[in-house]
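Structure first, commentary second.
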Amino acid sequence: MSPCPNGRPDPGARLAAYKRRIRELTSRVGGRGMQEVVARLRSYVNGWRGYFRLAQTPGIWRRLDEWLRHRLRAIQLKQWKHSHRIYQALLKLGAPAPIARRVAAKRLGWWRNSNRHLKYVLTIAYFDKLGVPRLL
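Numbering of the sequence shown is given in numbering that gives the first Met the number 0, commencing with residue 0 and proceeding in unit increments.
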């Protein structure tokens with residue numbers, strides 16, 4: 000961690016290290032199922048939250064939580080791969096047919112598609128049920 004001019008560690012470097020590690024744990028390549036990804040995340044995120052638990056930065060925690068869920072949505076889309084499978088899976092999760100059709104028909108790439116209509120289907124409650132840890 001590079002020090003700030005006042006000699007203290009740069010908080011931006013800590014956030015960058017956190018994001019770098021989360022990217023490693025949630026890589027879209029490697030053939031891991033969502034349960035395995037969540038299990039790997041749980042110990043790291045809980046440890047990180049415990050270490051920084053006294054920090055009064057709810058805005059940063061919230062943005063990191065949103066970013067993590069965005070990554071998990073992209074992983075889920077990539078695991079479903081094909082538009083017909085995406086459509087069927089979203090219907091099974093209770094998505095309205097028009098939203099499932101829009102998500103399945105988009106050719107924007109996993110990352111861009113995972114932050115549009117998909118966040119209304121794969122909600123915070125969905126990730127809580129999977130056991131995804133939260134920072135807030």
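C-beta atoms are modelled at their ideal positions from N, C-alpha and C, and glycine is treated no differently.
Give the C-beta separation of residue i and residue j to the nearest angstrom, bearing in mind that I take them to be a contact with Cβ-Cβ under 8 Å.
i    : j    : result
R70  : I123 : In fact, because the Cβ distance is near 14 Å, the residues do not count as touching under 8 Å.
L121 : R72  : 5 Å
W109 : R27  : 7 Å
Can you check whether the CB of residue j is closer than 7 Å to the CB of residue i?
i    : j    : result
H81  : R101 : no
G130 : V36  : no
A103 : Y125 : no
R39  : P132 : no
L137 : A99  : Only positions 0 to 135 of the chain appear in the structure, and residue 137 is not among them; the question remains open.
Can you tell which of the options has its C-alpha closest to the C-alpha of residue i?
i    : options            : result
L24  : A12, Y43, L14      : Y43
M33  : Q55, W47, R41, I74 : I74
R111 : H83, L76, R48      : L76
G11  : D127, P132, L63    : L63
Y50  : G30, Y17, Q78      : Y17
L67  : G30, N114, P97     : N114
W79  : G30, R52, G46, R13 : G30
| query | If you scan the stretch 31 to 81 from start to end, which runs of the alpha helix (DSSP H) of 4 or more residues do you find wholly inside it? | reply | 33 to 50, 57 to 79
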